Amino acid sequence: MAGLIDKVKDFVAEKISDVPKPEASIQDVDTKAVGLDGMLFNAKVDVKNPYSHSLPICEISYAVKSAGRVILSGNMPDPGSLPGNETTRLEVPMKVPHSILVNLIRDIGADWDIDYEVDLGLTIDLPIIGNFTIPLSTKGEYKLPTLADMLT
0 MAGLIDKVKD FVAEKISDVP KPEASIQDVD TKAVGLDGML FNAKVDVKNP
50 YSHSLPICEI SYAVKSAGRV ILSGNMPDPG SLPGNETTRL EVPMKVPHSI
100 LVNLIRDIGA DWDIDYEVDL GLTIDLPIIG NFTIPLSTKG EYKLPTLADM
150 LT
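So the sequence shown is numbered by numbering that gives the first Met the number 0: it starts at 0 and just counts up by one.
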């Protein structure tokens, strides 16, 4: 009996591995706004849905790191769904408080920029399979304006 169950598990695992899955990539991370309460970064994520029907997105989780430490983490619950047979651009807003930015500015050094890494987890509800998370990551640097930039 145990041998039969193992064969069924192997069969199902093989069939599920051949099922097409959504694909995603981070296209850009930029500054959307600077306000009194912090700086709003925006990650632009393109997600391709290979199915003819829409797929619900359960959540998008994110973590922003700089200088080897997490400076911001959070999630967007229920951001909507992905239309069938389309590539959809999702925008993930991430607000970094000024208090954290001030600490980062102390660590800037001579290059006058903030190196960052953004990790995203896009959790999608796939029929039969269940929740499926697509891990995404990108690195970059945010160039701070100099005094000369502000005067021109």
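We treat Cβ as the ideally placed atom computed from N, Cα and C, and that holds for glycine. Computed from a predicted model, the values in this text were never measured in an experiment.
C-beta atoms of L119 and L135 nearer than 7 Å: yes
Selection from S65, T122 and V46 that minimises the alpha carbon distance to E116: S65
C-alpha distance - K6 paired with S53, whole-angstrom precision: 32 Å
Under the three-state DSSP convention, the category I25 falls into: strand
Three-state secondary structure assigned by DSSP to G2: helix
Of the listed residues V18, V33, W111 and V44, nearest to Q26 (C-alpha basis): V44
Through-space distance from M38 to P96, alpha-carbon basis: 6 Å
Sheet register partners of N172 (DSSP bridge): A query on residue 172 cannot be resolved here, the shown segment of the chain reaching from 0 to 151 and no further.
Cα-Cα separation, P19 to G34: 42 Å
Three-state secondary structure assigned by DSSP to N48: coil
Whole-angstrom distance between A23 and G139, CA atom to CA atom: 18 Å
C-beta contact flag for Y50 and G83 at 7 Å: yes
Helix, strand or coil at I99 [DSSP, three-state]: helix
For E85, the first and last residue of its enclosing beta strand (DSSP E): Looking at the DSSP string, E85 is not in any beta strand (DSSP E), and its letter there is neither H nor E.
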